[in-house]
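From first to last, the protein sequence lines are chains A and B.
For the first sequence, this note's numbering begins at 1319 and goes up steadily by one.
For the second sequence, this note's numbering begins at 1319 and goes up steadily by one.
No residue lacks a Cβ here, since even glycine has one placed at the ideal position from N, Cα and C.
Please read the structure below before turning to the comments.
Protein chains: 2
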Amino acid sequence: MSEHPLPDAGLLALSRDFREALRHSIYLVRRLDADGELSAAQLSTLKMLLDSSEGSAEARGEANGVRVGEIARNLGVKVPSATEQIIKLERAGLVRREADPADSRAVRVKLTAEGHAAVESANTRRNAVMAGILGSLSDAERQALAAAIPVIGKINETLQP
Amino acid sequence: MSEHPLPDAGLLALSRDFREALRHSIYLVRRLDADGELSAAQLSTLKMLLDSSEGSAEARGEANGVRVGEIARNLGVKVPSATEQIIKLERAGLVRREADPADSRAVRVKLTAEGHAAVESANTRRNAVMAGILGSLSDAERQALAAAIPVIGKINETLQP
DNA sequence: CCTAACTGTTAGGCTCCCTAAGTATGAGTG
DNA sequence: CACTCATACTTAGGGAGCCTAACAGTTAGG
């Protein structure tokens, strides 16, 4: 009990409230995704591939693909879990697996055209639902939310080993 | 595409960023819970029972318990899912199920002393982990987070039918 | 070489959630 | 009072997602 610097009451209260908010948000995200044909986990995977292809590939005209281990790390899951999702996405025609020319152990996962379209459309739909919710907030509330998002992002990065 | 009031670009961007933050936060919550003996779903259930017993029961000296349907609604899951969790918790000795004297169809779920202790301890431990993370933020960042928490709470309530 | 390290996949198992169907009780109506 | 309908929960069966352990192939270092 005394190994930590003993956080003060305010910090603990903030921790409690933030945890509570996140706990409920999990159910919110579930509902947001409930309608679409892409599950949350699969959308996350596709989104990650999309983001990575935007960074480097478009400049060079050809996507490299992302390695399975990298996907797993980015998603915060173990490699077998990533493999499972990738196989499902491959069966659905949304991604393609190719051998890495430089390292035959590695696998390069790439979005197909269908995958690209699917992630864009799913994102658009979910964003619209969320926008509907956020639209009912006051300007001040939206501003408070916007100010906190980078902080939440920073917190999330903390647990990324 | 034109059935909604067509939210402006800022609102859509906020929606996107917030969704992204929540998506990652799910993994954060998972890790926060990874160590303890109580799963996130079970802790949520116990927490709900704890909260409800604090409100009314302590004043009257005796807890009423919470009905299964109410637990399900509060947790955002279907009734059978709540039943499942409750049965597990009962087997673990953390809750007790009793017939409602006024309505024999209904079941009243109550925390046992062990359940009370378990939820308190699990919460304390997770809060400490979270406090460790939040402690590394700047004052301004913590303030931004604190300001947004009630807003997130409000958003979560939106999807509570 | 030949062993050690690394990248993925497979196998098996767990939790959590859902829908559909079943049981039992309560409430309204002729 | 009986009949019907609604309500409250449980049971049964199944799917998604994650995990660990064990395996196979590839690469790299001694």
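query: Who pairs with A/Leu1429 in a beta bridge, going by DSSP?; result: A/Val1413
query: What in chain A is Cβ-close to B/Met1448, meaning under 7 Å?; result: Ser1333, Phe1336, Arg1337
query: Using 8 Å as the limit for Cβ to Cβ distance, is B/Thr1260 near chain A?; result: The structure shown does not extend to residue 1260 of chain B, since chain B spans only 1319 to 1479, so no value can be given for it.
query: Near B/Ser1403, what residues of its chain come up, given a Cβ to Cβ distance below 7 Å and the 5 sequence neighbours on each side ignored?; result: Reading the sequence as shown, one finds Gln at residue 1403 of chain B and not Ser. So the list reads Ala1359, Gln1360, Thr1363, once near-sequence residues are dropped.
query: Under a Cβ-count criterion, where at least 16 other Cβ atoms within 10 Å of its own Cβ denotes burial, should A/Glu1338 be classed as buried or exposed?; result: buried
query: Nearest chain B C-beta to A/Arg1443 closer than 8 Å, yes or no?; result: no
query: Are the C-beta of A/Ala1377 and some C-beta of chain B separated by less than 8 Å?; result: Confidence at A/Ala1377 is low in this model, with a pLDDT of 49, below 50, so its placement is unreliable and the value that follows should be read with caution. Taking Cβ atoms only, chain B never reaches closer than 8 Å to A/Ala1377, which makes this a no.
query: With a threshold of 8 Å between beta-carbons, can B/Ile1404 be considered close to chain A, or not?; result: no
query: Measuring CB to CB, does B/Gly1453 end up less than 8 Å from A/Leu1329?; result: yes
query: Quick one: Cα of A/Tyr1345 to Cα of A/Ile1451, how far?; result: 15 Å
query: Nearest CA to the CA of B/Arg1414: which residue from B/Glu1475, B/Arg1423, B/Ala1466, B/Ala1431?; result: B/Ala1431
query: So who's on the other strand from B/Val1347, going by DSSP bridges?; result: None; B/Val1347 has no bridge partner.
query: Please work out which residues of its chain come closer than 8 Å, Cβ to Cβ, to B/Leu1356, disregarding the five sequence neighbours upstream and downstream, and give them in chain order.; result: Leu1364, Ala1436, Val1437, Ala1440
query: Compare the beta carbon distance of A/Gly1433 and A/Leu1412 with 8 Å and say whether it is the shorter of the two.; result: yes
query: What is the rounded straight-line gap between the Cα of A/Ala1331 and the Cα of B/Thr1442?; result: 11 Å
query: Does DSSP classify B/Val1384 as helix, strand or coil?; result: strand
query: Please name the residue, chosen from B/Gly1471, B/Lys1428, B/Asn1445, B/Ala1462, that lies closest to B/Ser1371 on a Cα-to-Cα basis.; result: B/Lys1428
query: Nearest-angstrom Cα distance between B/Asn1262 and A/Ile1389?; result: With chain B running from 1319 to 1479 in the structure shown, residue 1262 of chain B is simply not present.
query: Is the Cβ of B/Leu1346 closer than 8 Å to any Cβ of chain A?; result: yes
query: Nearest to B/Val1425 by CA position, among B/Ala1410, B/Val1347, B/Val1397, is which residue?; result: B/Val1397
query: Quick one: list the residues of chain B neighbouring A/His1434, beta-carbon separation under 7 Å, in chain order.; result: Residues of chain B passing the Cβ test: none, with the nearest at roughly 17 Å.
query: Would you verify that the beta carbon of A/Ser1439 is, or is not, closer than 8 Å to some beta carbon of chain B?; result: no
query: If you check the beta carbons only, do B/Leu1350 and A/Val1469 fall under 8 Å apart?; result: no
query: Which residues bound the alpha helix (DSSP H) around A/Asp1457?; result: 1457-1476
query: For B/Leu1356, decide whether its Cβ has a neighbour in chain A, counting only Cβ atoms nearer than 8 Å.; result: no
query: Are there 16 or more other CB atoms within 10 angstroms of the CB of B/Ala1466, so buried, or fewer, so exposed?; result: buried
query: Taking the Cβ atom as the reference point for each residue, do B/Ser1275 and A/Met1448 lie within a distance shorter than 8 Å?; result: The structure shown does not extend to residue 1275 of chain B, since chain B is modelled only from 1319 through 1479, so no value can be given for it.
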